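In this note's numbering, the protein residues as written are 548 to 790. For glycine and all other residues, C-beta sits at the position ideal for the given N, C-alpha and C. What you are looking at is a predicted structure, and each value in this text was computed from that prediction instead of being measured.
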Ligand code: MN
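Dropping the structure here:
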């Protein structure tokens, strides 16, 4: 099972969650929201062969943590994965749009200089702006849109720009989310949870709840669960071989 976007460090007992992920054989991309969280979060993956740690600077924190872009550049050689990064155009984040764009541009430029990374991207109400930024830094790496919620037109543009997508139970619970997922190329989709932020049926998602995304995908794709598992495993193999 695969959780390509969760925040291990933000669970109340992160070490216990990491242990269970390892015991259950889960493949995890453990993303961070600030560069200063990277060291501690990477330590959770120590001795665990299937957990990768992403170096991130979340767009909702860009205006507060702008001073950490230097640390981002310093830490970048230590990982093939960057996330969570991106832009957020929702009303509460709009006041900091200029700072967000400046920070995201700086991070993408650093990724280009470092030879490219796999990018776990936040694009809430900002898919067009994120796509524009990726076009401005075409060698920043392989984009993976996490919880994509843009328009059908924005999705088509992302697909054309060879982007990947990670989809979770919360997204698959809505009809709109299902429609978007149905329009994604099956060979560029992976599962995620966005735990502990994402909530389904009043419960905070755990990484192993990625199983709910597998059954959700089986419905959207009209394929047996076992087929979906094989497809996702194959997708992960191709994604990680590009790291
Ligand atoms: Mn997230």
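Selection from the options that minimises the alpha carbon distance to residue i
i           : options               : result
residue 785 : 734, 767 and 769      : 734
residue 587 : 596, 562 and 763      : 562
residue 655 : 637, 593, 689 and 671 : 689
residue 718 : 737, 703 and 704      : 737
residue 749 : 730, 732, 720 and 765 : 720
residue 790 : 775, 705 and 662      : 662
residue 632 : 695, 669 and 550      : 669
residue 725 : 708, 745, 765 and 550 : 765
residue 741 : 596, 705 and 695      : 695
residue 671 : 660, 639, 687 and 684 : 639
residue 590 : 617, 616, 613 and 555 : 555
residue 673 : 634, 592 and 567      : 634
Residues of its chain near residue i, where Cβ-Cβ distance is below 6 Å and the 5 sequence neighbours each way are ignored
i           : result
residue 743 : 557, 558 and 751
residue 829 : Since the first and last residues shown for the chain are 548 and 790, residue 829 lies out of range.
residue 759 : 716
Residue interval of the alpha helix (DSSP H) (run including residue i)
i           : result
residue 704 : 699-707
residue 787 : 772-788
residue 679 : 674-683
residue 768 : 757-768
residue 727 : 722-729
residue 719 : 716-719
8 Å Cβ shell around residue i - same chain, five flanking residues per side excluded
i           : result
residue 788 : none
residue 608 : 580 and 581
residue 703 : 730
residue 667 : 551, 552, 576, 578, 601, 603, 628, 629, 630, 631, 632, 691, 693 and 713
Near the ligand NAD: residue i beta-carbon under 7 Å from a heavy atom
i           : result
residue 616 : For the structure depicted, the ligand NAD is absent and the ligand set comprises only the ligand MN.
Any C-beta of chain D under 8 Å from that of residue i
i           : result
residue 657 : No chain D appears in this structure, which consists of one protein chain only.
Bounding residues of the beta strand (DSSP E) (the contiguous stretch that carries residue i)
i           : result
residue 691 : 688-693
residue 564 : Premise fails: residue 564 lies in the alpha helix (DSSP H), 561-570, not in any beta strand (DSSP E).
Chain-order list of residues whose beta-carbon lies under 7 Å from that of residue i (same chain, five-residue window excluded)
i           : result
residue 618 : 582 and 583
Shell residues, 7 Å Cβ cut-off relative to heavy atoms of the ligand MN = 552, 554, 578, 631, 669, 693, 741 and 744
Write down every uninterrupted run of the beta strand (DSSP E) in the segment 586-661 whose length is 3 residues or greater and which is fully enclosed by it, in chain order.
-> 598-600 and 628-633
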